[in-house]
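Enquirer: My questions will all concern the structure given below.
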Amino acid sequence: MRGFSVASAAMAASLFVSGAMADLDPIVIKGSKFFYKTNGTQFFMKGVAYQQDYQGGGSNGNGSATASSGNTAYTDPLADETSCKRDIPYLQQLQTNTIRVYAVDPTQNHDACMQALADAGIYVIADLSAPVSGQSINRADPSWDTDVYARYTSVVDSLQKYTNTLGFFAGNEVANQANNTDSIAFVKAAVRDTKAYIKAQGYRALGVGYASDDDSAILMNIADYLNCGDSSTSIDFFGYNIYSWCGDATFESSNYEQHTKDFSSYNVPVFFAEYGCNKVEPRTWGDTKALFSSEMTGVWSGGIVYMYFQEANDYGLVTVSNGNVTPNTDFTNLKSVMANDVNPTGVQASSYSPTNTAAQSCPTEDSNWNAVASPLPPSPNADLCSCMVDSLSCAVKSGTPETDFGDNFDYICGHDNSACNGIANNGSSGTYGAYGMCNPTQKLSFVMNQYYNDQKAGASACDFGGAGATKSSSSPSGTCSSLINQAGTAGTGTVTSSPTAKAGSSSSSSSSSGSSSSASAGAAGINSIPSIESGLLPVALVVVVGIFSGVGMIAFELLAGKLNYINEVFPSLIPLRNLRQIDKIPKPQLTVPTFKKCRDFKMGQGSQPLIHFEQLNVWNNFMTNTIL
0 MRGFSVASAA MAASLFVSGA MADLDPIVIK GSKFFYKTNG TQFFMKGVAY QQDYQGGGSN
60 GNGSATASSG NTAYTDPLAD ETSCKRDIPY LQQLQTNTIR VYAVDPTQNH DACMQALADA
120 GIYVIADLSA PVSGQSINRA DPSWDTDVYA RYTSVVDSLQ KYTNTLGFFA GNEVANQANN
180 TDSIAFVKAA VRDTKAYIKA QGYRALGVGY ASDDDSAILM NIADYLNCGD SSTSIDFFGY
240 NIYSWCGDAT FESSNYEQHT KDFSSYNVPV FFAEYGCNKV EPRTWGDTKA LFSSEMTGVW
300 SGGIVYMYFQ EANDYGLVTV SNGNVTPNTD FTNLKSVMAN DVNPTGVQAS SYSPTNTAAQ
360 SCPTEDSNWN AVASPLPPSP NADLCSCMVD SLSCAVKSGT PETDFGDNFD YICGHDNSAC
420 NGIANNGSSG TYGAYGMCNP TQKLSFVMNQ YYNDQKAGAS ACDFGGAGAT KSSSSPSGTC
480 SSLINQAGTA GTGTVTSSPT AKAGSSSSSS SSSGSSSSAS AGAAGINSIP SIESGLLPVA
540 LVVVVGIFSG VGMIAFELLA GKLNYINEVF PSLIPLRNLR QIDKIPKPQL TVPTFKKCRD
600 FKMGQGSQPL IHFEQLNVWN NFMTNTIL
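Its first residue numbered 0, the sequence shown is counted upward by one per residue in numbering that gives the first Met the number 0.
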């Protein structure tokens, strides 16, 4: 204790206490309710969706933080300190305690905004996906692969240290009609693996849930499917994007009454992940009054108003121009309702004994549901994929654009169907190839090699119009040998070994031909060795070390711990987003099937529908005669 003084000890204690006090009390889950961890008071979300729309062309034109890929870019609201601090006072006027962000850039620094939000008592619930190809689960061709896994875990890594991170959405309106509900199997696999990752890393308990659209034919099947079975694979909360209360609707006519009955036995928290119909303007927020009334608070944990920023869809609470904020009439009306009509009465965690503890039964397959409950898609394993590519003699030629992949997949699988069994991804039948979770380059390399071998390694069998090329292969050894043997020659085996390296890299020897530009090198594998990276333990260690080493000045920081899929056959597609006004158009005029829900067109999940060339005339007529 040489050189250590009472003053130094006092300073250390002061720093420790002041740092700890800067954190916001984490929100925890007990039964079907949220609670403040420390005092046990029930937590109701008084939320606002907080993210500006992304733009095409790789730039949003306002100088704020963006992440881009190809022709899309999005603004990360948590990385824009200036805008964040500008908007917090307005959020506070609305009694906001939660914001929802739809896409964050895990490579950006979020400290300043997250701290400012914490100081204002505001929590964050974040979508794990991004509106960029390969960074979300696409309903048209669903896959839970190493690229998407890397994206999801990198977002977890970037936000887990903040005590005002409330949780994450593993998907947003991925399924929007009966014929694409098979995609929910991949969402559930994402929930399973994200929860496992959080646990393996030693992070504090963070909920992983899903946000569903308002389609009565599939809503409860989605809710039941994501809740049924073992808790390790089921969601921690369910968000409902609902826009049925419009104008002078009532508790009954809006179906709020029926939905409250439907979720009364649900065993995890449910809340409105988006709400606020604008068919009748200005909005007077009768839905908000109902949501926080005694008729609903026994079941619902509040909700998130859509949305803060005024966009083309006319849902904005405020208009931002040249950095200046102007509240709209919707803002003024909501402010009044929140101040005068919202005062939910909850329960204390200590006196709450959940009675709805049973999980829901898994839905059976029928005309409105086509996802099997078991098996789920396999966990992404970057080691296996890298080992597989190293073992190939024929692979994707370096520099081949992904827009050419579709033609090659179609050709190979059409001429040699067995070559593609190893990359099967069928949520309807529960058939999954061992390599179905690899990235697109690796999967195409696998089927090219299968075809090449089936053609007796003929001189031109690996050409594929210049997209393929032969290469030297390496015989698997050690861990690679075990993984490859489990997968089998056809790739139809079950791999039980766990990944051991980062999702975007591999501990085994790797091949450049198997890499993917969209994979994140910062996301660890499913069962990586846990590390203590959250809570107060690191702080305590620093203080103790400081005391016993005689450091007078102790410094430390708290470590609290709808278009993205590109169809390669039709590479030029038109993204549609933020056209919520389509709800106001008579349904007979909506000739393109995926236009059924206007909420398909907002930013927030890489699942926005797309228009192909053959649909272009339909869309032009639709825009000219109906919208314009």
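Ideal placement from N, C-alpha and C gives every residue a C-beta, glycine not left out.
Whole angstroms are fine: how far does the CA of C386 sit from the CA of A149?
Expert: For the purposes of this step, residue 149 is taken as the residue at position 150 of the sequence shown. For the purposes of this step, residue 386 is taken as the residue at position 387 of the sequence shown. Going from the Cα of A149 to the Cα of C386 covers about 18 Å.
Enquirer: Any contact between the segment 349 to 367 and the segment 319 to 328? By contact I mean 3 or more CB pairs, one from each, below 8 Å.
Expert: no
Enquirer: From this set, P400, K260, S153, D382, which residue's C-alpha is nearest Y434's C-alpha?
Expert: Your numbering for residue 434 matches position 435 in the sequence shown. Of the listed residues, the one whose Cα sits closest to Y434 is D382.
Enquirer: Measuring CA to CA, which of D144, P105, K442 is closest to Q159?
Expert: Residue numbering aside, residue 159 sits at position 160 when the sequence shown is read from its first letter. Looking at the Cα atoms, P105 is the closest of the given residues.
Enquirer: Give me the Cα-Cα distance between D192 and P281, rounded to the nearest whole angstrom.
Expert: Here residue 192 corresponds to residue number 193 of the sequence shown, with the count starting at 1. Here residue 281 corresponds to residue number 282 of the sequence shown, with the count starting at 1. Going from the Cα of D192 to the Cα of P281 covers about 42 Å.
Enquirer: Rounded to a whole number of angstroms, what is the C-alpha to C-alpha distance between P377 and G285?
Expert: On the sequence shown, residue 377 is found 378 positions in, with the first residue counted as 1. On the sequence shown, residue 285 is found 286 positions in, with the first residue counted as 1. Rounded to whole angstroms, P377 to G285 spans 44 Å at the Cα level.
Enquirer: If I measure Cβ to Cβ from V304 and keep anything under 6 Å in the same chain, skipping five residues before and after, which residues do I get?
Expert: As a first step, residue 304 is located in the sequence shown; it is residue number 305 there, counting from the start. The residues are V47, G275.
Enquirer: Hey, which unbroken runs of the alpha helix (DSSP H) at 4 residues or more fall wholly within the segment 298 to 329?
Expert: none
Enquirer: If F167 and A125 are in contact, beta carbons under 8 Å, what's the gap, nearest whole angstrom?
Expert: The count along the sequence shown starts at 1 and reaches residue 167 at position 168. The count along the sequence shown starts at 1 and reaches residue 125 at position 126. About 6 Å; that satisfies the 8 Å criterion.
Enquirer: Tell me whether Q359 sits in a helix, a strand or coil according to DSSP, three-state version.
Expert: By one-based count along the sequence shown, residue 359 stands at place 360. DSSP places Q359 in coil when its eight states are reduced to three.
Enquirer: Could you give the uninterrupted runs of the beta strand (DSSP E) lying entirely in the segment 386 to 422, keeping only those of 3 residues or more?
Expert: The segment 386 to 422 contains these whole beta strand (DSSP E) runs: 393 to 395.
Enquirer: With respect to the beta strand (DSSP E) encompassing M447, which residues constitute its N-terminal and C-terminal limits?
Expert: As a working mapping, residue 447 is identified with position 448 in the sequence shown. Careful: M447 lies outside any beta strand (DSSP E), inside the alpha helix (DSSP H) at 439 to 453.
Enquirer: Who are the Cβ neighbours of A115 in its own chain at under 7 Å, not counting the five residues just before and after it?
Expert: One-based indexing of the sequence shown puts residue 115 at position 116. So the list reads C83, K84, I87, once near-sequence residues are dropped.
Enquirer: Distance check for Q485 and T495, CA to CA, integer angstroms please.
Expert: For the purposes of this step, residue 495 is taken as the residue at position 496 of the sequence shown. For the purposes of this step, residue 485 is taken as the residue at position 486 of the sequence shown. Cα-Cα distance, rounded: 8 Å.
Enquirer: On the CB-based measure, 16 or more other CB atoms within 10 Å of its CB, does E251 come out buried or exposed?
Expert: Walking along the sequence shown from the start, residue 251 turns up at place 252. So E251 counts as exposed.
Enquirer: Please work out which residues of its chain come closer than 6 Å, Cβ to Cβ, to Q51, disregarding the five sequence neighbours upstream and downstream, and give them in chain order.
Expert: The count along the sequence shown starts at 1 and reaches residue 51 at position 52. If we look at Q51 and ignore the five residues flanking it on each side, its Cβ neighbours are T74, F308.
Enquirer: Quick check on V154: buried or exposed, where buried means 16 or more other Cβ atoms within 10 Å of its Cβ?
Expert: Along the sequence shown, one-based indexing puts residue 154 at 155. Classification for V154: buried.
Enquirer: My understanding is that F463 touches P268, with C-beta atoms under 8 Å, so please give their C-beta distance in whole angstroms.
Expert: One-based indexing of the sequence shown puts residue 463 at position 464. One-based indexing of the sequence shown puts residue 268 at position 269. Not quite, the Cβ-Cβ distance comes to about 50 Å (not below 8 Å), so this is no contact.
Enquirer: Roughly how many angstroms separate the alpha carbons of Y100 and P76, rounded to a whole number?
Expert: Locating residue 100 in the sequence shown gives position 101, where the first residue counts as 1. Locating residue 76 in the sequence shown gives position 77, where the first residue counts as 1. The sequence given here has Val at residue 100, not Tyr. Distance between the alpha carbons of V100 and P76 is about 7 Å.
Enquirer: Which residues share a DSSP beta bridge with S211?
Expert: Along the sequence shown, one-based indexing puts residue 211 at 212. In DSSP, S211 forms a bridge with Y239.
Enquirer: Just how far apart, CA to CA, sit A169 and S392?
Expert: Translated into the one-based positions of the sequence shown, residue 169 becomes position 170. Translated into the one-based positions of the sequence shown, residue 392 becomes position 393. Cα to Cα, the separation comes out at about 36 Å.
Enquirer: Spell out a yes or no on whether the segment 257 to 268 and the segment 207 to 226 are touching, meaning 3 or more CB-CB pairs, one atom from each, closer than 8 Å.
Expert: yes
Enquirer: Starting from the C-beta of I531, find all residues in its chain whose C-beta is less than 6 Å away, skip the five residues before and the five after it, and write them out in chain order.
Expert: Locating residue 531 in the sequence shown gives position 532, counting from the first residue. Confidence at I531 is low in this model, with a pLDDT of 30, below 50, so the placement of that residue is unreliable and no value is reported for it.
Enquirer: So G206 and G238 are in contact, right, with Cβ under 8 Å, and what is the actual spacing, rounded?
Expert: For this step, residue 206 is matched to residue 207 along the sequence shown. For this step, residue 238 is matched to residue 239 along the sequence shown. With a Cβ gap of about 11 Å, G206 and G238 do not count as contacting.
Enquirer: Tell me the DSSP secondary structure of F185 in three-state form.
Expert: Against the sequence shown, residue 185 aligns to sequence position 186. Shown here, F185 sits in a helix according to DSSP, grouped into three states.
Enquirer: Pull up the distance between the alpha-carbon of C652 and that of Y450, whole angstroms please.
Expert: In the structure as shown, the chain starts at 0 and stops at 627, and residue 652 therefore has no counterpart that could be examined.
Enquirer: Could you spell out where the alpha helix (DSSP H) holding K288 opens and where it closes?
Expert: For the purposes of this step, residue 288 is identified with residue 289 of the sequence shown, where counting begins at 1. Where K288 is concerned, the enclosing alpha helix (DSSP H) stretches over 285 to 290.
Enquirer: How is Y148 classed by DSSP in three states: helix, strand or coil?
Expert: Along the sequence shown, one-based indexing puts residue 148 at 149. Helix, per DSSP.
Enquirer: Give the secondary structure of N484 by DSSP, where H, G and I count as helix, E and B as strand, and everything else as coil.
Expert: Residue numbering aside, residue 484 sits at position 485 when the sequence shown is read from its first letter. DSSP places N484 within a helical segment (H, G or I) once states are collapsed to three.
Enquirer: Mapping the DSSP letters down to three states, classify S80 as helix, strand or coil.
Expert: The sequence position of residue 80 within the sequence shown is 81, counting from 1. It should be pointed out that residue 80 corresponds to Glu in this sequence rather than to Ser. It is helical.
Enquirer: Can you confirm whether the segment 174 to 185 touches the segment 421 to 429 when touching is taken to mean that 3 or more C-beta pairs between the two stretches lie within less than 8 Å?
Expert: yes
Enquirer: Measuring CB to CB, does A348 end up less than 8 Å from N226?
Expert: Locating residue 348 in the sequence shown gives position 349, where the first residue counts as 1. Locating residue 226 in the sequence shown gives position 227, where the first residue counts as 1. No, the Cβ-Cβ distance between A348 and N226 is not below 8 Å.
Enquirer: Is I165 helix, strand or coil when you go by DSSP?
Expert: Sequence index remark: in the sequence shown, residue 165 carries index 166 (1-based). Looking at the sequence provided, one finds Leu at residue 165 rather than Ile. DSSP places L165 within a strand segment (E or B) once states are collapsed to three.
Enquirer: Cα separation between V279 and Y255?
Expert: Residue mapping note: residue 279 aligns to position 280 of the sequence shown, counting from 1. Residue mapping note: residue 255 aligns to position 256 of the sequence shown, counting from 1. About 18 Å.
Enquirer: Could you check if P374 is buried or exposed, using at least 16 other CB atoms within 10 Å of its CB as the buried criterion?
Expert: Taking the first residue of the sequence shown as position 1, residue 374 is located at position 375. The residue in question, P374, is exposed, as its Cβ has fewer than 16 Cβ neighbours within 10 Å.
Enquirer: Give the DSSP bridge partners of I124, in chain order.
Expert: Indexing the sequence shown from 1 puts residue 124 at position 125. According to DSSP, I124 bridges with R99, G166.
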